[in-house]
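The next block holds one structure in the form of structure tokens; read it before the comments.
4 protein chains.
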Amino acid sequence: MSRAPVAGVDDARKAAGPSFPDEDATSGASVADPAGGTRERLLAAAFAITAEGGYGAASVGAIASRAGVAAGTLYRHFASKGELFVVLFRRVCGREVVAMRRAAEDVASGPERIVAVLDTFARRALQHPRLAWALLAEPLDPLVEAERLAYRRAYRALLSELLRSAVDDGALPEQDPDLTAAALVGAVGEALVGPLAPGADVDATALLPELRALVSRAIGTAVPR
Amino acid sequence: MSRAPVAGVDDARKAAGPSFPDEDATSGASVADPAGGTRERLLAAAFAITAEGGYGAASVGAIASRAGVAAGTLYRHFASKGELFVVLFRRVCGREVVAMRRAAEDVASGPERIVAVLDTFARRALQHPRLAWALLAEPLDPLVEAERLAYRRAYRALLSELLRSAVDDGALPEQDPDLTAAALVGAVGEALVGPLAPGADVDATALLPELRALVSRAIGTAVPR
Amino acid sequence: MSRAPVAGVDDARKAAGPSFPDEDATSGASVADPAGGTRERLLAAAFAITAEGGYGAASVGAIASRAGVAAGTLYRHFASKGELFVVLFRRVCGREVVAMRRAAEDVASGPERIVAVLDTFARRALQHPRLAWALLAEPLDPLVEAERLAYRRAYRALLSELLRSAVDDGALPEQDPDLTAAALVGAVGEALVGPLAPGADVDATALLPELRALVSRAIGTAVPR
Amino acid sequence: MSRAPVAGVDDARKAAGPSFPDEDATSGASVADPAGGTRERLLAAAFAITAEGGYGAASVGAIASRAGVAAGTLYRHFASKGELFVVLFRRVCGREVVAMRRAAEDVASGPERIVAVLDTFARRALQHPRLAWALLAEPLDPLVEAERLAYRRAYRALLSELLRSAVDDGALPEQDPDLTAAALVGAVGEALVGPLAPGADVDATALLPELRALVSRAIGTAVPR
DNA sequence: AATGAATGAGTTTTCATTCAT
DNA sequence: TATGAATGAAAACTCATTCAT
């Protein structure tokens, strides 16, 4: 029983792998860290392998080979495998939180804000289901686990804050905002990542409106009958 | 980079470990597979270790040693480590589904049935949080992953069926029962045993009423205002 | 620049290597640890390689290969490479101390006792010069270093005690017994097995009487003129 | 199993490190090799790191970084890491021999000369204990090992010559000067910088008079009684 | 049916050395 | 002369699986 399914790593797209989401023109690629530099290629390779096969598939050898360098080269750019993933996590999760926060700002009222935030979370998770799973749930290096916890807390804090103010405004019924926030993250993750993980034969995008409605109900938006 | 904390496996209760939940007299132990037989002891050992330290702690050596046999003996009873966990998963998850189904039968009306089912799910998960996490989320052998998928489908099917009939009765608003079912399992799992769940210092049982209210709202039970 | 000279390990005597010194009939080989058992073969291989090329040549791979087993097998018998060397050190050094103590018992008066003890030390070191060097000086795993320190202390304590009582009896002039003891171990080691020692071409045994005379003078045995 | 503690190499004095002992105006720095040249800075860096953390801490990267150049630059000035240490050894040991020879010249009679020489050896070793250990005992590259041997021979030759003439003058009893010389170097080294030497907490300088007395006795200077 | 020693491919990490710029 | 990123072979250690007894 092989612990990690490494199959399909080497024969997969050797060239690039999925490019980073949101790697737009305004990205922070500095001169010291050019977009095509080895460090970036290592991060991109780790991202691609994790997105395809999860953390378990992302051995140092696989990452380096995908990046087109020798294994030892990774250690010129990161102190350890864990450090690489901390950087990767921070970057990817940071982008998620920013996107969610932006979604909140685009909407006026309280309850709809929460729906918009979770809708954003869901849409983005759907784009990289295996990665979303790795970010949300897969057990990792302790070093990375700490980073994950920080970002889950950020997710929850964002939602929790929005929920609390909506409750204070009387727009939502009394509830424990932390619990609701955690549950909603879990609900969206399960609803999307779960069914998608094995066979992506379902068009999960069609589920988004349904999911919005569910979130609406769960937070207690007044629903007529 | 250590994959998983294996602490406390060998020095823990050598004799028994936590007995299987619901290991009642009407168990399916056949004559060929007596309750005290080696095969059962292996399953019980794997269960106990997983419940304590997760899948990562459940090495063949640890399981065999806890069962009081040699490592090689495991292969007399299971084709591989993965096979053992398939059997274990099937058994444990089957019990969960049965318990949830029973909970449904004890309640008359539609919406409350769903709440009762998820309440049962939540209560049982709280009794073995590490195990619940392993069953729900921890990445496993591909062999076992398939089994897990089957049981996620079973959870979802049970809830989905109840949701559908309540919707048909007009007791709940129109919705995609599969989506709601999956989301609710995710919500409860995340809120109780996920990384966002409160630590061991908080009494998670206190969250159950809040969680029931959340479920009520999410399925669309008429909410006052 | 290769850190460790591994050359000549594999092509050397594959069969046995130098048998343990003093592996006599009354050895403590237990039933659980038969003389031909893998554990003993690993210890013998480690001994042989260290005696030939020092600790630096004694990689896990080289030891296992010399013992005729796979590298992983070493870890069935020792928790780590360091543990193996702790066992080896304890065994080898223990024998040295015993031999020196016996030599002391065979002689009556104080000053001659010290000469006899160091003579024994010297004779035995000459039998395995490279090993003696490894035991006395070569930097090691911290685990093993502690063990070495313990035995150097034992050497010194034995000598120091003999010196002190001889000084108290008035047989030797006033001196710091600890300093003299350490210096004598260093003197004998250097003269016989250190980098200043004559090469293999010279018969070092011929030096023993000279060395005895030197020790005699150093401790202050009355020497006429 | 970590071979050597490398702690505190990078954060230590980046600028200079301990300047070479005896780096006096009459140094042999040629025009082709100016004192502030890269080659000299590399030697100084290697010296400083070895004096602080031993040979094990002196990686090519650490040396180059301390010298303020890139790792590759080392290979412009030395064929290999080993070559650098050969040069370093030759220089440092040469200085030691010179210092010992000078000490001999300052004293008239035979026996006292030997005591003075070893006293010098001991004093200088105490000033850089870690370096002394590296020079005297630590296992090195075979290339460097040969150099060390040469200088240990030089130590011995110097002492041996003095011993021989004192014996010929009748100032000391008959003995094998080479053996005595080697043994004395070993005795002083062990007593001061070996594993049996007192830790840094003890003032080893206090041992010098005792050590002089021991050396006196060992060479056979007329002893009272 | 059971043993448990042995396997061997796998993991992460280090570091002297090279070479295109 | 100098750079410093890249190399690649080495290290110690893990663990699911096999097989002679």
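Chains Z, B, D and C are the protein sequences, given in the same order. The first sequence begins at -1 in our numbering and counts up by one. The second sequence begins at -1 in our numbering and counts up by one. The third sequence begins at -1 in our numbering and counts up by one. The fourth sequence begins at -1 in our numbering and counts up by one. Ideal placement from N, C-alpha and C gives every residue a C-beta, glycine not left out.
Check, Outcome
"Contacts of B/L212 in chain Z (Cβ-Cβ under 8 angstroms)", "Q173, L177, T178, A181, A216"
"Below-7 angstroms beta-carbon distance, C/E145 vs any chain D residue", "no"
"Bounding residues of the alpha helix (DSSP H) (the contiguous stretch that carries C/Q125)", "108 to 125"
"Three-state secondary structure (DSSP) of C/E172", "coil"
"Alpha carbon of B/P207 to alpha carbon of B/V213, nearest angstrom", "10 angstroms"
"Proximity test, Cβ basis, 7 angstroms: C/A204 and chain D", "no"
"Under 7 angstroms between C-beta atoms of Z/S163 and Z/A179", "no"
"Distance CB(C/V58)-CB(C/A44) smaller than 7 angstroms", "no"
"Within-7 angstroms CB hit, D/E208 to chain C", "yes"
"Z/E81 at chain B interface by Cβ criterion, 7 angstroms", "no"
"8 angstroms contact criterion, which C/E188 and D/A181 should meet: CB distance rounded", "6 angstroms"
"Contact under 7 angstroms by Cβ, B/Y153 with B/V115", "no"
"Cβ contact (3+ pairs, closer than 8 angstroms) linking the stretch 93 to 102 of chain B and the stretch 59 to 66 of chain B", "no"
"Top-ranked residue by Cα proximity to D/V90, from D/F119, D/Y73, D/V105, D/R74", "D/F119"
"Candidates C/R93, C/A202, C/D166, C/H75: closest to C/Y149 by CA position", "C/R93"
"Contact set between B/G187 and chain Z, taken where Cβ atoms lie within less than 8 angstroms", "G184, E188"
"Nearest-angstrom beta carbon gap, Z/D117 and Z/R210 [assumed within contact, 8 angstroms]", "6 angstroms"
"Assumed close pair Z/L170, B/L205 - CB separation to whole angstroms, cut-off 8 angstroms", "Contact doesn't hold; Cβ gap of about 18 angstroms is too wide."
"Which listed residue (D/V84, D/A216, D/G108) has its alpha carbon closest to that of D/G168", "D/G108"
"Runs of beta strand (DSSP E) wholly within the stretch 66 to 99 of chain Z (minimum 3 residues, chain order)", "none"
"Cβ shell of B/G52 (< 8 angstroms), same chain only, five flanking positions each side left out", "A2, R128, W131, A132, E136"
"D/E38 beta carbon less than 7 angstroms from that of D/V84", "no"
"Where B/S57 sits in the DSSP three-state scheme", "coil"
"Own chain residues within Cβ distance below 6 angstroms of B/D139, not counting five before or after", "G80"
"Endpoints, alpha helix (DSSP H) assigned at Z/E145", "140 to 166"
"CA nearest to the CA of C/L190, picked from C/A155, C/L156, C/A123", "C/A123"
"Backbone CA spacing between B/D166 and B/L156 [nearest angstrom]", "16 angstroms"
"Backbone CA spacing between Z/R151 and Z/L134 [nearest angstrom]", "11 angstroms"
"Pair within 7 angstroms by beta-carbon distance, B/R215 and Z/A216", "yes"
"Pick from Z/V113, Z/R121, Z/L40 that is closest to Z/T71, judged by C-alpha positions", "Z/L40"
"Limits of the unbroken alpha helix (DSSP H) element including C/E38", "36 to 51"
"Collapsed DSSP secondary structure at B/T219 in the structure displayed", "coil"
"Z/T24 versus Z/F87: straight-line alpha-carbon distance, rounded", "Only weak support exists for where Z/T24 lies, its pLDDT of 40 falling under 50; the value from the coordinates is given anyway. Each residue's Cα considered, the two are about 20 angstroms apart."
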